[in-house]
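Everything on this sheet refers to the single structure shown next.
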Amino acid sequence: MDITLVRGDITRQRVDAIVNAANSSLMGGGGVDGAIHRHGGPEIIEECRKLRASRYGSGLPTGQAVATTAGRLPARWVIHTVGPVHSPFEDRSELLASCYRESLRVAESLGAETVAFPAIGTGIFGWPLPEGARVAVEAVRGWAAEASPSLVEVRFVLFDAGAYGVFEAAL
Ligand code: AR6
């Protein structure tokens, strides 16, 4: 399984599944979440609504992941996960790592071969980029070592040159 880095917009990625840095409401938001719903169209939020009504009445818990269609996006699926809000008082890195692992588990169960991640938690949820990148890289590597996945590529998609450089250093 290759781990690759690209600079760009996650909504443009031609992969089987892209991961959304969502919130537990699954009803959309800013950042990556906003971009995915804006470009993907109403089908995605419709499925999110159904998931809220059926399985996640009180919201998708932090660290878990669930898939929907990708609507009009080039990907086949969007995997929604909820990162922890960064805290200076408490180490929440295990929950952030869980977002990566659970998303990869869902991707595998769908039969995806290629998955693209944004830098979960490093925007509105306040994770410093170096910490977010370290947790991301360790979680994906650790999962690949344990799970012997059929996934072919895990791609980190970084929005700007600064974030790209930080992930490159972490890798
Ligand atoms: N493609 C790739 N990366 C992006 C894109 C994009 N189109 N847009 C932003 N980023 P964030 P979080 C980067 O805030 O911190 C939402 O309101 C961005 O520069 O999207 O997990 C949700 O609903 C940053 O490095 O996610 C939640 O309420 C990274 O993606 C909350 O934000 C993640 O930033 C989740 O916050």
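Quick note: the sequence shown uses our numbering, first residue 6, plus one each step. Idealized CB from N, CA, C, for every residue including glycine. Predicted model only: the values in this text are computed from it and were never measured.
Judged by pairs of C-beta atoms under 8 Å, the stretch 108-121 touches the stretch 13-22, as three or more such pairs exist.
Within 7 Å of the C-beta of THR73 there is not a single heavy atom belonging to the ligand AR6.
ALA58 has its alpha-carbon roughly 34 Å from the corresponding atom of LEU134. Residue pairing by DSSP places ARG106 opposite no residue, since no beta bridge is assigned to it. Residue pairing from DSSP places THR119 in a beta bridge opposite GLU158. Set against 7 Å, the gap from the CB of PRO123 to the closest heavy atom of the ligand AR6 is smaller.
Per DSSP, VAL142 is not a residue of any beta strand (DSSP E); the alpha helix (DSSP H) it occupies stretches across 134-152. Taking the Cβ of ILE49 as the reference point, every heavy atom of the ligand AR6 lies at 7 Å or farther away. Judged by the Cβ position, ALA22 fails to qualify as a neighbour of the ligand AR6 at the 7 Å threshold, every heavy atom of the ligand being at least this far.
For ALA124, no beta strand (DSSP E) encloses it, and the DSSP letter there is neither H nor E.
Take the alpha-carbon of GLU143 and the one of GLU51: they are about 34 Å apart.
In this structure GLU107 is buried. Its beta-carbon is surrounded by 16 or more other beta-carbon atoms within 10 angstroms. Per the C-alpha coordinates, the member of ALA27, ILE8, THR86, GLY170 positioned closest to ASP38 is ALA27. A buried status is given to SER103, since no fewer than 16 other beta-carbon atoms sit within 10 Å of its beta-carbon.
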